[in-house]
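Under our numbering, the first residue of the sequence shown is numbered 4, with each subsequent residue one higher. Heads up, the beta-carbon is just placed ideally off N, CA and C, and yes, glycines get one too. Computed from a predicted structure; not experimentally measured. Below is one structure; the comments refer to it alone.
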Amino acid sequence: MSKDTPTTPSTLPAAGWAASYEEEPSQASAPPQPNGVTALKPFGWAKDNLFNTPLNTALSVACLAILWFAVPPIVGWVLLNASWSGSSEACREAAGACWSIIVVKHRLIFFGTYPYDEQWRPFLACALFVAMLGVSGVRALWRPWLAGAWALVLGAMGVLMWGGVFGLTYVANDKWGGLPITLMLSVFSITLAFPLSILLALGRQSSLPAIRSFCIGFIELMRGVPLVSVLFMASVMFPLFLPEGVTVDKLLRALAGLTLFTAAYLAEAVRGGLQAIPRGQYEAADALGLSYWQKTALIILPQALRIVIPPIVNQFISCFKDTSLVTIVGLYDLLTAATVATTDPEWRPYFAEVYVFAGLMFWIFCFSMSRYSQWLERLANRYTRR
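Here it is, written out as structure tokens:
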């Protein structure tokens, strides 16, 4: 460009042309909002969503009225007027909840009839178990050594719970109870039922009539009866078919019943995921020359399981809560141990507090599973969003 050439906008460089226009404020840009507008955003949201129509206004007012009359008494009963320590006499004088029963009966609630002087063992076993569950939930730690860590922890749990070695007193599992029973039954039944459910779902779609008929019969039979009847059969009827002198531990019988029942429901969830896979995925795998198991393991199952994460976790949560039914086989889970704690005549009037506490414990574990499933679902869908 020569010195005599005038610098018009058409001859300016692109960066300079843009810079010259950035110096002038745009008339189309919105003026800055005052600070008061930001503070009024919640009120604007409430007006647009809660009070935008006469019907919504009436419903919102009704809900606020219910909260106004319900929340203060609940807060007063749970916190403000509650008795947190002392004897049952102090609870009778208090106008609120008697949380002293949790302080007095917490060992019975958590560990059932396990020997009192040895209850540090189930406590340590539960702590190791929960810690391994937390470690297994971290994606960065999904390494081959994790399987070995689980083997060591499970062995340590068996040594702690049973004893009989390293100077520990032997404790038969008919004296176990409380939280250890709930955790072990739920986690082991879920772990064993998940691969079994995949095999059942694949078998139900098999082209072999014998395998397909067996899987359909098993799934429909288990889904057609309540869990109580399955546990009853495992506890009462199953030993009748064993040879004379052969017995199976009742804890293993309850675990087998829970596993088979959970596997039947999980199989239907997995089958739904398999049916949701487009036919083109199967055809593409066949075009690559993959065998049935290669196609299933590498292409079909990963997509199917990603689709059905919510129903699978929902069944996991249901299995965790269903452990409260093992009382029919004589096992004292967390809820049953809490019920036993209310049989003391001195504390019998305060059964509601015990059930609220047991419900809170169940909610903590179930809510944790729900939140973890949401994170896992976001992780699985990270590379599939469009």
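Buried or exposed by the 16-neighbour rule on C-beta atoms within 10 Å, applied to R274: buried
Helix, strand or coil: how does DSSP classify G180 here? strand
Coil, strand or helix - S294 by DSSP: coil
With burial defined as no fewer than 16 other Cβ atoms inside 10 Å of the residue's Cβ, what is the status of A355: buried or exposed? exposed
Quick check: the Cα distance between C218 and A266, rounded to an integer number of angstroms? 11 Å
So does the region 179 to 189 actually touch the region 323 to 335, counting three or more Cβ pairs closer than 8 Å? yes
Compute the beta-carbon to beta-carbon distance between I3 and G276, rounded to the nearest angstrom, for a pair I have assumed lies under 8 Å. Shown here, the chain extends from 4 to 389; a query on residue 3 therefore has no answer.
Could you tell me the alpha carbon to alpha carbon distance between A175 and P229, rounded to whole angstroms? 29 Å
Smallest Cα separation from D347: which of I105, E96, S86, E286? I105
Inter-residue CB distance, A130 and L163 (contact presumed, cutoff 8 Å): Rounded, the Cβ-Cβ distance is 10 Å, inconsistent with contact.
Relative to the alpha-carbon of F114, which residue among S232, S103, T342, F323 has its alpha-carbon at the smallest distance? T342
CB contact flag (G260, A288, <8 Å): no
Could you check the C-alpha separation between F132 and L337 for me, to the nearest Å? 16 Å
Just how far apart, CA to CA, sit S376 and L205? 23 Å
Separation of D51 from S192, as counted between CA atoms: 48 Å
Candidates K178, D177, A159: closest to F169 by CA position: A159
Would you kindly work out how many angstroms separate the C-alpha atoms of I201 and A270, rounded to a whole number? 6 Å
Whether or not the region 136 to 151 and the region 68 to 88 are in contact is what I'm after, with contact meaning three or more pairs of Cβ atoms, one per stretch, closer than 8 Å; do they touch? no
Would A100 be called buried (16 or more neighbouring beta carbons within 10 Å of its own) or exposed? buried
In chain order, which continuous runs of the alpha helix (DSSP H) of length 4 or greater are located wholly inside the region 210 to 279? 212 to 226, 230 to 235, 253 to 279
With burial defined as no fewer than 16 other Cβ atoms inside 10 Å of the residue's Cβ, what is the status of Q278: buried or exposed? exposed
So, with DSSP's three-state summary, where would you put S86? strand
With C-beta atoms as the reference, is R226 less than 8 Å away from F241? no
Under a Cβ-count criterion, where at least 16 other Cβ atoms within 10 Å of its own Cβ denotes burial, should A300 be classed as buried or exposed? exposed
Spatial neighbours of R110 in its chain, beta-carbon cut-off 8 Å, leaving aside the 5 residues before and after: Y119, Q122
Are the beta-carbon atoms belonging to L211 and L334 less than 8 Å from one another? no
DSSP three-state assignment for Y117, whether helix, strand or coil: coil
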